[in-house]
Ligand SMILES: Nc1ncnc2c1ncn2[C@@H]1O[C@H](COP(=O)(O)OP(=O)(O)OP(=O)(O)O)[C@@H](O)[C@H]1O
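In the working numbering, the protein residues as written are 80 to 363.
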């Protein structure tokens, strides 16, 4: 049997604060299959970023276990099984855009020519071909974020951990990169754990949307999203994405996730068209 890309079992994370403890996560279970796209959504402070940091081995659980491809998270980190793109771009200021993108490849021992070719492709993908020689502080926040996304994809990781990577981008760029991300994931068969505050973004991208409850963070609902993304994932066409976003099934899933988030019973089920009017326009 193939190991899960991510297996979180009974994870609790308690932070020691000034005079009081903060239970950020309590008894969380989460399994992500290879190639599966799972979004985490929930109220601010419910522990989404904490969960992602635990999977990335940037933090350790107070109880429970985290495995990545059947190995403890630490081993997975050391063997660079995953790419990371977090809210803060985290670029190295003394390296150019190109050198930042090439960094994971250099660490993996990829030769100069191949590195350059891959970086050129990624620069095109995120629309920064003209900025390859600039330094991060010469770019806007959104452009820096795009560099971080390109860097996370450089090594074609089999697991991508992304914490609101599109949060700082304008809507058009955001939708374009969502489309490209679907295509790239289909190409590489990468699994993704994706933190977002946007319900439509979660529904557009995910095979499953995991809705978390307010602190202490727990999994409130795990919603399968069944949409036909083949046209988007195949060619990465923005027009195919527009069609999908206008689909009645898409709106029904948005309504379902919103109801779970707000803790109200959902009237909409996947495929309903009645939900459409009720749910237009919403981020969480
Ligand atoms: N290093 C830390 N020390 C103490 N408390 C922390 C630490 N990191 C997170 N917390 C607390 O844990 C809880 C969960 O934080 P986390 O950042 O994971 O939430 P989140 O769901 O990602 O929030 P947001 O949606 O606002 O980004 C919060 O109450 C936060 O204050």
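Using N, Cα and C, we set each Cβ at its ideal position, and we do this for glycine too.
Open item on the list: Considering only DSSP beta bridges, list what residue 163 is partnered with.
Closed with: 240
Open item on the list: Please state the DSSP three-state secondary structure of residue 320.
Closed with: helix
Task: DSSP-derived helix/strand/coil call for residue 122 - done: coil
Open item on the list: Are there any heavy atoms of ligand 1 lying less than 7 Å away from the beta-carbon of residue 118, as far as the coordinates show?
Closed with: In this structure, residue 118 has its beta carbon at no less than 7 Å from each heavy atom of ligand 1.
Open item on the list: Just to confirm the assignment: which complete beta strand (DSSP E) runs, minimum length 3, are found wholly within the segment 153-214?
Closed with: 161-164
Open item on the list: For residue 150 and residue 135, what's the separation of their Cα atoms in angstroms?
Closed with: 12 Å
Task: 6 Å Cβ shell around residue 126 - same chain, five flanking residues per side excluded - done: 103, 104, 296
Task: Cα-Cα separation between residue 145 and residue 133, rounded to whole angstroms - done: 7 Å
Task: Pick from 284, 232, 213 that is closest to residue 201, judged by C-alpha positions - done: For residue 201, the nearest C-alpha among the options comes from 232.
TODO: Taking residue 257 and residue 245 to be in contact with their CB atoms under 8 Å, please state how far apart those CB atoms are, rounded to whole angstroms.
DONE: 7 Å
Task: Start and end residues, alpha helix (DSSP H) containing residue 310 - done: 309-314
Open item on the list: Whole angstroms are fine: how far does the CA of residue 335 sit from the CA of residue 307?
Closed with: Residue 307 and residue 335 have their C-alpha atoms spaced approximately 17 Å apart.
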